[in-house]
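Chemist:
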Amino acid sequence: GRQIKADRADGAMGAGSGVERGMLLLLALALPAELLVAPSSPVASPATPPAGALHFPPGVFVDAAQFGAVSDGVTDTTRALQRAISATIGFHPGVGGHSINVTNKVLLLQPGVFSVSDTLAGRDASGEPQCYMTLQGSGVSATTVLLHDMAAGFTDAADPKPVVYTASCKDAASYAPGDGESGFKNGVFDLTIDVGRGNPGAVALDFLGNNKASIARVKLIGRVGSGVVGLSLVQRWTNACEKLDCRRVCC
Numbered sequence: 041g042r043q044i045k046a047d048r049a050d051g052a053m054g055a056g057s058g059v060e061r062g063m064l065l066l067l068a069l070a071l072p073a074e075l076l077v078a079p080s081s082p083v084a085s086p087a088t089p090p091a092g093a094l095h096f097p098p099g100v101f102v103d104a105a106q107f108g109a110v111s112d113g114v115t116d117t118t119r120a121l122q123r124a125i126s127a128t129i130g131f132h133p134g135v136g137g138h139s140i141n142v143t144n145k146v147l148l149l150q151p152g153v154f155s156v157s158d159t160l161a162g163r164d165a166s167g168e169p170q171c172y173m174t175l176q177g178s179g180v181s182a183t184t185v186l187l188h189d190m191a192a193g194f195t196d197a198a199d200p201k202p203v204v205y206t207a208s209c210k211d212a213a214s215y216a217p218g219d220g221e222s223g224f225k226n227g228v229f230d231l232t233i234d235v236g237r238g239n240p241g242a243v244a245l246d247f248l249g250n251n252k253a254s255i256a257r258v259k260l261i262g263r264v265g266s267g268v269v270g271l272s273l274v275q276r277w278t279n280a281c282e283k284l285d286c287r288r289v290c291c
C-alpha cells in the first residue's frame with residue numbers, strides 16, 4: 041500500500057501535532073484521550089435532524105439516499121455511498137485542455153450516521169480514479185461517516201487505509217493511479233468522519249486537491265489505539281487548494 045508518514049501523539053488523532061512540508065505534506069492530528077468519549081458503531085441516528093442542521097432546497101444537490109444510502113448508524117451503507125460518489129464525479133478535457141466536469145454534481149449527505157466498512161474513494165463506476173468528488177454534509181454535528189469497529193483492512197498501522205479518499209484524474213503515465221495534478225474541485229464540507237474503534241491503521245481523510253479543491257468545517261474523530269492519521273496530504277501532488285483552512289478541520 042501507499043506509505044504514509046505521520047507524527048503520532050497519544051496513539052490517536054487530534055489537533056496540535058506537527059506539519060511536514062515539502063513535496064509531501066501531512067497534517068497528523070492528535071486528540072487527548074480524555075476527549076475520546078463518544079460511542080462508536082452501532083449508533084442510531086436521531087429521528088429528527090439536530091438543531092442547527094443545514095437544509096438545502098430540493099434538487100440543488102444529488103442526495104445520496106437516491107442510491108440507497110441510509111444514515112441509521114447501523115446499516116452498512118458503503119456500497120450505496122460508493123455508487124453515489126461514482127455517479128457524481130469525473131471530467132473530460134475541454135477546449136484548450138481545460139477540464140469540464142462530466143456531471144457537475146455535488147453529493148449531499150443528509151443528517152444521520154452513515155456506517156461504512158471500507159474506503160469511500162474518488163473512483164468512477166469502472167474503478168478509475170477521478171476528480172470532482174464533492175461531499176456536502178448537513179453540519180459537523182448532524183452528518184457523520186462512521187467506520188465499523190475492527191473493520192477489515194484498517195487494523196494495521198504499518199499499512200494505512202483511508203476512510204474517505206479523493207484522487208486526481210489520470211494526467212501522466214508516470215503517476216501512480218490516483219496521484220497527479222488534476223484533483224480539481226475535490227471537496228469535503230460540513231461533516232464528521234469517525235474512525236471507530238479497533239482501527240489502528242485508519243486514516244480519516246486522505247485528500248488530494250488542486251486549484252479549486254477545498255476542505256471546510258470538517259471534524260475528524262480518533263480514539264485511543266484507533267486511527268494513525270487524521271488528515272493525510274501525502275498524495276502527489278496536492279497544491280494550490282482554494283481553501284484548506286486547518287483551523288476548520290478539527291477533532
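Counting in my numbering, the sequence shown runs from 41 upward without gaps. Don't be surprised by glycine CBs; every beta carbon is placed ideally from N, CA and C.
Rounded C-beta distance between R263 and V235? I'm assuming under 8 Å.
Modeler: R263 to V235, Cβ: 7 Å. Contact.
Chemist: Could you give the distance in angstroms between the alpha-carbon of P202 and the alpha-carbon of P98?
Modeler: For P202 and P98, the distance between alpha carbons rounds to 31 Å.
Chemist: Among L148, A91 and S111, whose alpha-carbon lies nearest the alpha-carbon of D103?
Modeler: Answer by Cα proximity: L148.
Chemist: Checking the sheet assignment: what are the DSSP bridge partners for P202?
Modeler: P202 is bridged to V243.
Chemist: According to DSSP, I261 sits in a beta bridge with which residue or residues?
Modeler: DSSP output for I261 lists D234 as bridge partner(s).
Chemist: T115 to V268, Cα distance in whole Å?
Modeler: Distance between the alpha carbons of T115 and V268: 25 Å.
Chemist: Checking 9 Å against the spacing of the C-beta atoms, do N226 and T195 come in under that value?
Modeler: No.
Chemist: Taking the alpha helix (DSSP H) that S126 belongs to, which residues open and close that run?
Modeler: Where S126 is concerned, the enclosing alpha helix (DSSP H) stretches over T118 to A127.
Chemist: Can you list, in chain order, the residues of its chain with a C-beta nearer than 8 Å to that of D164? Leave out the 5 residues immediately preceding and following it.
Modeler: Excluding residues within five positions, the ones whose Cβ falls inside 8 Å are S126, I129, G130 and Q170.
Chemist: Can you tell me whether Q106 is helix, strand or coil according to DSSP?
Modeler: Looking at Q106 - three-state DSSP - the assignment turns out to be helix.
Chemist: Take A124 and list the residues in its own chain whose beta-carbon comes closer than 8 Å to its own, dropping the five residues that flank it on each side.
Modeler: Cβ within range, chain order: V102, A104, Q106, F107, A109 and L147.
Chemist: Under 6 Å Cβ to Cβ from E168, same chain only, skipping five residues before and after it: list those, please.
Modeler: Result list for E168: empty, nothing under 6 Å.
Chemist: Go ahead and label H95 buried or exposed: buried means 16 or more other beta carbons lie within 10 angstroms of its beta carbon, across all protein chains shown.
Modeler: H95 is exposed by the Cβ-count criterion.
Chemist: Let me make sure I understand the geometry here. Which of A161, A207, A197 and S181 has the alpha-carbon closest to that of V274?
Modeler: Taking only the C-alpha atoms, the option nearest V274 is A207.
Chemist: Throw me the rounded Cβ distance for the S181 and G152 pair, which I believe falls under 8 Å.
Modeler: So it is not a contact: roughly 12 Å between Cβ atoms.
Chemist: Going by beta carbon distance, what residues of the same chain come within less than 7 Å of G179, once the five residues before and after it are set aside?
Modeler: Only G92, A93, L94 and D230 meet the Cβ criterion.
Chemist: Quick one: is S272 buried, meaning 16 or more other Cβ sit within 10 Å of its Cβ, or exposed?
Modeler: Buried, since its Cβ has 16 or more Cβ neighbours within 10 Å.
Chemist: Can you tell me whether L100 is buried or exposed? The criterion is at least 16 other CB atoms within 10 Å of its CB, across all chains shown.
Modeler: Note that residue 100 corresponds to Val in the displayed sequence, not to Leu. When all chains shown are included, V100 counts as exposed.
Chemist: Please classify S266: is it buried, with 16 or more other beta-carbons within 10 angstroms of its beta-carbon, or exposed?
Modeler: By the 10 Å Cβ count, S266 comes out buried.
Chemist: Is it buried or exposed for A253, if we count other Cβ within 10 angstroms and need 16 for buried?
Modeler: Per the 10 Å Cβ criterion, buried.
Chemist: Please state the DSSP three-state secondary structure of T184.
Modeler: Strand.
Chemist: Could you spell out where the beta strand (DSSP E) holding S272 opens and where it closes?
Modeler: Here the beta strand (DSSP E) through S272 covers V269 to L273.
Chemist: To the nearest angstrom, how far is the alpha carbon of G270 from that of N251?
Modeler: Using only the alpha carbons, I get a separation of about 22 Å.
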